[in-house]
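Undergrad: Going down the list, the sequences are from chains A and B.
Sequential numbering of the first sequence, starting at 50, is according to my numbering.
Sequential numbering of the second sequence, starting at 50, is according to my numbering.
From the three backbone atoms N, C-alpha and C, an ideal C-beta is built for every residue, glycine too.
I have a structure I would like to understand better, so I am pasting it below and will then ask my questions one at a time.
2 protein chains.
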Amino acid sequence: MTAKPLQIGLAGLGTVGTGVYETLCRNHELLEARVQMSFEVKRVAVRDLGRPRDVAIDPALLTDDWRTLVEDPDIDIIIELIGGVTDAYELITAALRAHKPVVTGNKALLAERGGELFRLSAETEAPLYFEASCGGGIPIIQSLTASLICNNVERIAGIINGTSNYILSAMERKGVSYEEALSAARRKGYAEADPSLDVNGRDAAHKALILAMLAYGTPVDPRAIAVYGIERVTPVDFQFAHRLGYTIKLLVVIKHHEGSGKLELRVQPSFVPKEHLLANVNGVFNAIAVRGDIVGETIFYGRGAGKNPTASAVIGDVMLAMRDCRHPEHHSGFHPYTQAPELMPAEETVTPYYVRFLVQDRPGVIAAIAAELAKKGIGISAITSTPHGEEEQADSNDLVLLLHACAWGKLKQALREIGNYDSIDRHPVVFRIENFNES
Amino acid sequence: MTAKPLQIGLAGLGTVGTGVYETLCRNHELLEARVQMSFEVKRVAVRDLGRPRDVAIDPALLTDDWRTLVEDPDIDIIIELIGGVTDAYELITAALRAHKPVVTGNKALLAERGGELFRLSAETEAPLYFEASCGGGIPIIQSLTASLICNNVERIAGIINGTSNYILSAMERKGVSYEEALSAARRKGYAEADPSLDVNGRDAAHKALILAMLAYGTPVDPRAIAVYGIERVTPVDFQFAHRLGYTIKLLVVIKHHEGSGKLELRVQPSFVPKEHLLANVNGVFNAIAVRGDIVGETIFYGRGAGKNPTASAVIGDVMLAMRDCRHPEHHSGFHPYTQAPELMPAEETVTPYYVRFLVQDRPGVIAAIAAELAKKGIGISAITSTPHGEEEQADSNDLVLLLHACAWGKLKQALREIGNYDSIDRHPVVFRIENFNES
């Protein structure tokens with residue numbers, strides 16, 4: 050044990066902050082025994098001192114000015130859990146400039162301004178830890194940066210938004226609509242009042258940017274990522290998916306193309322083969338599959354959000370910071386080490402596809418679609434219509450095609466041509482199919 | 050970058066040693082960039098200098114005396130991959146005494162003599178790293194000791210022997226016998242000429258002892274573990290398992306009982322509900338489910354053995370050792386921090402069970418079995434006979450019972466009584482059922 054306990058400053062006492070404070074108290078003895086160092090929480094910054102709290106905390110610890118944490122020379126480590134991007138940016142940069150290591154779970158900030166923050170961290174030799182920014186309690190950051198360090202990461206594919214996975218799982222299990230499943234998620238506290246960042250894929254995209262940065266060594270431009278949410282997924286698509294041996298998951302896919310050196314980075318609801326482990330990740334759970342050139346395929350599974358799982362990740366980082374802060378020159382935080390890779394435009398990315406057209410029951414419709422696809426050299430691997438057990442509509446019908454792998458740009462052109470036909474819906478439903486059998 | 054490259058001594062150039070050497074060469078630049086330190090392999094100890102090798106290595110690097118590695122003052126880190134327990138013990142203790150950090154994957158040695166080795170590591174302040182000792186490329190050691198450090202581990206359940214999982218998966222998929230599946234595993238190189246340690250559960254038990262040590266803070270007595278292998282699993286049991294909604298996996302189960310403080314530690318083929326992720330871990334893959342009081346359920350999946358996956362784990366440790374070796378007093382290796390917990394005798398451990406009796410088709414047989422179970426207070430949750438699609442035998446019949454949870458000692462007594470009946474096989478097949486829904 051070190052003689053003087055390390056002093057921790059905690060900024061933010063919301064859901065996760067409360068989980069961190071409670072766990073640091075409850076499992077204090079265990080933590081000190083395991084890490085063989087002693088520590089205490091010296092000060093906790095909150096927005097409003099007067100607000101009633103459901104955690105037992107000595108009011109003398111509280112301050113409503115996070116600057117007192119950063120300016121206190123006794124505080125060794127800062128935990129940033131205030132959220133948002135403005136104050137949090139100020140807090141983190143002030144702490145790094147004061148040479149204090151920072152632990153954060155702020156994925157939006159890291160996705161938007163990670164480049165600046167890591168540069169500052171390198172300049173000031175104050176490490177920045179962020180296990181809690183992706184995958185909740187799943188140790189994906191530590192695994193990518195330490196355990197799997199010898200691997201060229203070939204591909205990452207993951208379910209990293211618990212709210213949208215809860216909604217998709219409920220739609221699948223109960224056959225309900227997106228709107229019904231969203232209401233259920235709200236009632237259970239798995240969706241916020243404004244769930245847009247979760248369901249439109251932007252939260253997953255923030256996390257994908259962090260994973261891509263870790264895998265490829267440098268912050269990636271957040272504007273270049275192709276993002277689609279789950280709002281347009283319907284029970285009909287789930288029925289077709291099942292019939293064809295798939296389920297639908299909001300997937301993040303990150304791939305490095307060795308030939309071109311380009312980085313493919315996209316977030317979208319995708320068809321996943323039923324027998325794949327990712328297809329069996331349900332409810333609010335997350336899972337991230339990482340394929341490395343040396344280790345092969347690995348998958349990390351766990352609770353991707355919530356008070357305690359996120360607190361578990363934060364505290365893992367605090368303990369790393371405690372070990373590292375005696376020797377900042379060899380800290381275990383992330384250092385950018387390469388130039389930003391070129392991003393692959395969405396039009397160039399290649400997968401198989403599921404396409405559902407609403408077509409009028411007229412002669413020649415299938416012929417027209419097939420001819421346009423053939424013109425572009427796009428192969429059809431399966432074709433089917435109204436899903437099993439569905440009533441046929443009077444005049445129009447769902448026509449589903451599974452297409453062989455082709456560039457999205459090519460398919461987009463073909464769909465534009467097909468949309469010119471009178472009897473065919475201009476806006477077919479398109480999902481990518483991820484078979485995970487790429488070489 | 051540090052001015053002088055860190056010097057690595059590699060002992061052992063078998064399958065994994067070759068993978069480590071090749072990867073340290075192939076991904077050398079990537080590793081140095083990521084860890085921001087430079088390193089080189091200074092010396093490689095082999096058993097036989099004259100043996101032809103399928104790895105390109107400068108003969109000047111080779112020695113047939115591992116002592117030259119330990120005694121070389123320039124060598125900073127030793128990798129032990131010579132295997133066995135005698136020479137490896139000598140090598141590791143000599144290296145620790147020379148204050149050199151050691152990276153090893155030697156599970157048998159750690160399971161048998163981990164206590165001594167960790168005491169010596171503490172005395173000499175030379176850390177011992179062993180990610181490769183369990184789960185191949187899966188970063189389970191690092192996750193348990195660092196990322197999940199704030200958790201009281203409530204339960205670990207895992208598939209941690211690739212050979213036996215390959216055999217069980219093949220039996221399930223192809224409906225073949227244990228012997229046929231074992232031959233197939235041998236042909237594919239997934240089973241050694243003498244596969245006994247893999248199929249009898251002892252290899253999994255070694256790894257379980259390491260996981261228990263990490264979770265509960267101290268080496269555990271290897272004699273106290275209850276171990277059963279997969280040799281008695283039959284296609285008939287797979288048929289019943291499917292019919293009842295299960296599959297069969299060789300599971301390691303480690304549980305801490307808060308009330309009694311006792312540690313439950315067992316290895317046996319078990320029924321796993323088909324919808325559980327562990328039921329979907331097939332072939333040579335491993336998966337380890339860890340439930341912590343803070344993080345909840347997590348699962349780690351990947352290749353549990355083989356040249357490159359194991360090399361990935363070894364090199365992850367080497368990079369940790371490189372960071373740590375400048376500051377051994379705060380190394381990220383494991384320190385025992387508590388007293389050995391009392392082990393729960395197998396007779397006291399409680400699960401539901403699957404029991405298959407071979408019975409003669411006589412009146413009163415079911416009555417007799419049911420009466421003996423009732424006498425001991427053991428409830429029957431389901432009863433069924435010959436599996437679907439099987440021919441009935443002339444005079445005898447499979448009778449399968451699913452039993453509610455009870456202590457193994459109680460069931461053993463009941464089975465002894467039942468064995469006294471003439472028309473009932475004295476040696477029924479018994480599998481535990483793991484439902485993973487314990488509170």
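Please look up how many angstroms separate the CB atoms of A/Asn331 and A/Ser218, rounded, as I've assumed it's under 8 Å.
TA: 4 Å between Cβ atoms; contact.
Undergrad: Got a sec, what are the start and stop residues for the alpha helix (DSSP H) B/Lys237 sits in?
TA: Run containing B/Lys237: none; DSSP gives neither H nor E here.
Undergrad: With DSSP collapsed to three states, give me the class of A/Val367.
TA: It is helical.
Undergrad: Would you say A/Cys188 faces chain B, with C-beta separation under 8 Å as the test?
TA: Note that residue 188 of chain A corresponds to Pro in the displayed sequence, not to Cys. So yes, A/Pro188 belongs to the interface.
Undergrad: For A/Leu326, count neighbouring Cβ atoms within 10 angstroms of its own Cβ and tell me buried if that reaches 16, exposed if not.
TA: A/Leu326 comes out buried.
Undergrad: My assumption, with CB atoms under 8 Å, is that A/Gly132 sits in contact with A/Gly211. Please give the rounded CB distance.
TA: Not a contact, Cβ separation roughly 17 Å.
Undergrad: Our contact map puts B/Thr359 next to B/Val65 with C-beta atoms below 8 Å; I'd like the distance itself, whole angstroms only.
TA: Going by Cβ atoms, the distance from B/Thr359 to B/Val65 rounds to 5 Å, so yes, they are a contact pair.
Undergrad: Taking only runs of the beta strand (DSSP E) that begin and end inside the stretch 66 to 132 of chain A, which ones reach a length of at least 3 residues, in chain order?
TA: Whole beta strand (DSSP E) segments, 3+ residues: 88 to 94 and 126 to 129.
Undergrad: Does A/Leu369 come within less than 8 Å of chain E when only Cβ atoms are used?
TA: In the structure shown, chain E does not exist; the protein chains are A and B.
Undergrad: Who pairs with A/Arg340 in a beta bridge, going by DSSP?
TA: A/Arg204 and A/Glu346, per the DSSP bridge assignment.
Undergrad: Name, please, each residue of chain B whose Cβ falls closer than 9 Å to the Cβ of A/Thr352.
TA: Per the sequence shown, residue 352 of chain A should be read as Arg rather than Thr. Chain B residues near A/Arg352: Val344, Gly345, Glu346 and Thr347.
Undergrad: Would you call A/Pro271 buried or exposed, if buried means 16 or more other Cβ atoms sit within 10 Å of its Cβ?
TA: The residue in question, A/Pro271, is buried, as its Cβ has 16 or more Cβ neighbours within 10 Å.
Undergrad: According to a CB-to-CB cut-off of less than 7 Å, which residues of the stretch 376 to 400 of chain B neighbour chain A?
TA: Listed in sequence order: His376, His379, Ser381, His384, Tyr386 and Thr387.
Undergrad: Give every residue of the same chain whose Cβ lies closer than 6 Å to the Cβ of B/Thr153, excluding the five residues on either side of it in the sequence, and list them in chain order.
TA: Answer for B/Thr153: Glu129 and Phe179, listed in chain order.
Undergrad: Tell me whether B/His437 sits in a helix, a strand or coil according to DSSP, three-state version.
TA: Caution is warranted here: a pLDDT of 49 is assigned to B/His437, below 50, making its placement in the model unreliable, and the coordinate value is therefore given only provisionally. Coil at B/His437, not helix or strand.
Undergrad: Contact criterion: CB-CB distance below 8 Å. Does A/Ser196 meet it with respect to chain B?
TA: True, the Cβ-Cβ gap to chain B drops below 8 Å.
Undergrad: Between B/Gly238 and chain A, is the shortest Cβ-Cβ distance under 8 Å, so that the two count as touching?
TA: Judged by the 8 Å Cβ criterion, B/Gly238 is not in contact with chain A.
Undergrad: At least one CB of chain B closer than 8 Å to the CB of A/Gln56: is that the case?
TA: Not closer than 8 Å to any Cβ of chain B, the Cβ of A/Gln56 fails to qualify, so no.
Undergrad: Reducing DSSP to helix, strand and coil, say where A/Asn486 ends up.
TA: In this structure, A/Asn486 counts as coil in the three-state DSSP scheme.
Undergrad: Please classify B/His476 as buried or exposed, where buried requires at least 16 other C-beta atoms within 10 Å of its C-beta.
TA: Counting Cβ neighbours within 10 Å, B/His476 comes out exposed, since fewer than 16 surround it.
Undergrad: Contact criterion: CB-CB distance below 8 Å. Does B/Ile106 meet it with respect to chain A?
TA: Answer no: the Cβ-Cβ gap between B/Ile106 and chain A never drops below 8 Å.
Undergrad: When DSSP labels each residue in this structure, what does A/Ser213 get in the three-state scheme?
TA: In this structure, A/Ser213 counts as helix in the three-state DSSP scheme.
Undergrad: Does the distance from the CB of A/Ala240 to the CB of A/Leu231 come in under 8 Å?
TA: Yes. Within cutoff.
Undergrad: Just to confirm, is the Cβ distance from B/Glu421 to B/Ile467 under 8 Å?
TA: In contact: B/Glu421 and B/Ile467 (Cβ atoms closer than 8 Å).
Undergrad: Note down the Cα distance separating B/Leu73 from B/Val449, rounded to an integer number of angstroms.
TA: One C-alpha to the other measures close to 53 Å.
Undergrad: What residue range is occupied by the uninterrupted beta strand (DSSP E) comprising A/Pro401?
TA: A/Pro401 -> beta strand (DSSP E) spans Val399 to Gln409.
Undergrad: Beta-carbon within less than 6 Å of A/Gln56's beta-carbon, same chain only, minus the 5 sequence neighbours each way: which residues are those?
TA: Closer than 6 Å at the Cβ level, and outside the excluded window around A/Gln56, lie Lys91, Asp123, Ile124 and Asp125.
Undergrad: Alpha carbons only, please: which of B/His77, B/Val95, B/Ala423 and B/Ala94 is nearest the one belonging to B/Ser87?
TA: For the residues B/His77, B/Val95, B/Ala423 and B/Ala94, the minimum Cα distance to B/Ser87 belongs to B/His77.
Undergrad: Within the 8 Å Cβ cut-off, does A/Asn249 reach chain B?
TA: Answer no: the Cβ-Cβ gap between A/Asn249 and chain B never drops below 8 Å.
Undergrad: For A/Phe485, would you say it is in contact with chain B, using Cβ-to-Cβ distances shorter than 8 Å as the test?
TA: Chain B contact via Cβ: absent.
Undergrad: Just checking, does the stretch 284 to 296 of chain A make contact with the stretch 308 to 315 of chain A on the three C-beta pairs under 8 Å criterion?
TA: The stretch 284 to 296 of chain A vs the stretch 308 to 315 of chain A: no contact.
Undergrad: Using alpha carbons as the reference points, say which of A/Asn335, A/Val119 and A/Ile216 lies closest to B/Gly345.
TA: Here the closest residue by C-alpha is A/Asn335.
Undergrad: Any C-beta of chain B sitting closer than 8 Å to the C-beta of A/Leu489?
TA: Residue numbering for chain A in the displayed model covers 50 to 488; residue 489 of chain A lies beyond these limits and cannot be assessed.
Undergrad: Quick one: list the residues of chain B neighbouring A/Ile364, beta-carbon separation under 8 Å, in chain order.
TA: Simply Ile198, Cys199 and Ile343.
Undergrad: Could you give the first and the last residue of the continuous alpha helix (DSSP H) run that contains B/Lys49?
TA: With chain B running from 50 to 488 in the structure shown, residue 49 of chain B is simply not present.
Undergrad: What is the DSSP secondary structure of B/Phe480, reduced to helix, strand or coil?
TA: Three-state DSSP puts B/Phe480 in a strand.
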